[in-house]
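Okay, structure first, notes after.
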Amino acid sequence: MDEKYKELLKRLFELFKPLGYKKDGANFRLFQKNGIARIVNFQKSRYNTKDNLSFTINVGVYDCSKSDTLNLKFKEYDCLIRERPACVSSKYHKDIWWNITQQTDIDNLYQELIRFIENDVHSCLDKLEKRMKTAKLFAGLRK
Numbered sequence: 035m036d037e038k039y040k041e042l043l044k045r046l047f048e049l050f051k052p053l054g055y056k057k058d059g060a061n062f063r064l065f066q067k068n069g070i071a072r073i074v075n076f077q078k079s080r081y082n083t084k085d086n087l088s089f090t091i092n093v094g095v096y097d098c099s100k101s102d103t104l105n106l107k108f109k110e111y112d113c114l115i116r117e118r119p120a121c122v123s124s125k126y127h128k129d130i131w132w133n134i135t136q137q138t139d140i141d142n143l144y145q146e147l148i149r150f151i152e153n154d155v156h157s158c159l160d161k162l163e164k165r166m167k168t169a170k171l172f173a174g175l176r177k
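For the record, in the sequence shown the residue sitting at position 3 is 37 according to the working numbering, with numbers rising by one throughout.
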């Protein structure tokens, strides 16, 4: 199942690469000129077996404007503001874990994930980035 998962990530990265994202394992990161970086993380379940692999998608925004806290290999859990897009999705409204088994049609799963990324992941990141900008604005006012 791990090979199918790796192949799926490789294919999904092709959606992110033209946007400027860099791939590092199961993390896709985008460093922006505005000092805010984005991350899309594909988290495997700790309960996976050789016959069943489950994963979910996490996203976050990271403040990389301060050189003293800059971490080019930041993880989703290092982000001040983060979310599971499925929980705020127009389709799912709950935590979703996708499964890969021997019977999984990877092409169908890939198409489902493309729709999810296009409809929910990018918009979730946009909302998180707006929250980050607001937080930075308020932090600046307190100085």
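Even for Gly, the Cβ is constructed at its ideal location relative to N, Cα and C. These numbers were taken from a predicted model, which means no experiment stands behind them.
Asked: In three-state terms, what does DSSP make of residue 124?; Found: coil
Asked: Can you tell me the Cα-Cα spacing of residue 75 and residue 62, whole angstroms?; Found: 6 Å
Asked: Mind reading off the beta-carbon distance from residue 163 to residue 95? Whole number of angstroms is fine, and I expect it under 8 Å.; Found: 5 Å
Asked: When the Cα atoms are used, what is the spatial distance from residue 121 to residue 100?; Found: 30 Å
Asked: To the nearest angstrom, report how far apart residue 84 and residue 132 are at their CA atoms.; Found: 15 Å
Asked: So is residue 117 buried or exposed if we call it buried at 16+ other beta carbons inside 10 Å?; Found: buried
Asked: With DSSP as the reference, identify every bridge partner of residue 72, one or two as the case may be.; Found: 64 and 95
Asked: Tell me whether residue 87 sits in a helix, a strand or coil according to DSSP, three-state version.; Found: strand
Asked: Is it buried or exposed for residue 119, if we count other Cβ within 10 angstroms and need 16 for buried?; Found: buried
Asked: Assign residue 108 to buried or exposed, taking buried as 16 or more other Cβ atoms, counted over all protein chains shown, within 10 Å of its Cβ.; Found: buried
Asked: Would you give the residue range spanned by the alpha helix (DSSP H) that residue 45 belongs to?; Found: 36 to 50
Asked: Quick check: the Cα distance between residue 129 and residue 81, rounded to an integer number of angstroms?; Found: 16 Å
Asked: Compare the Cα-Cα distances from residue 143 to each of 123, 56, 88 and 60 and report the closest residue.; Found: 88
Asked: According to DSSP, is residue 77 helix, strand or coil?; Found: strand
Asked: Looking only at DSSP bridge pairs, what is residue 116 linked to?; Found: 94
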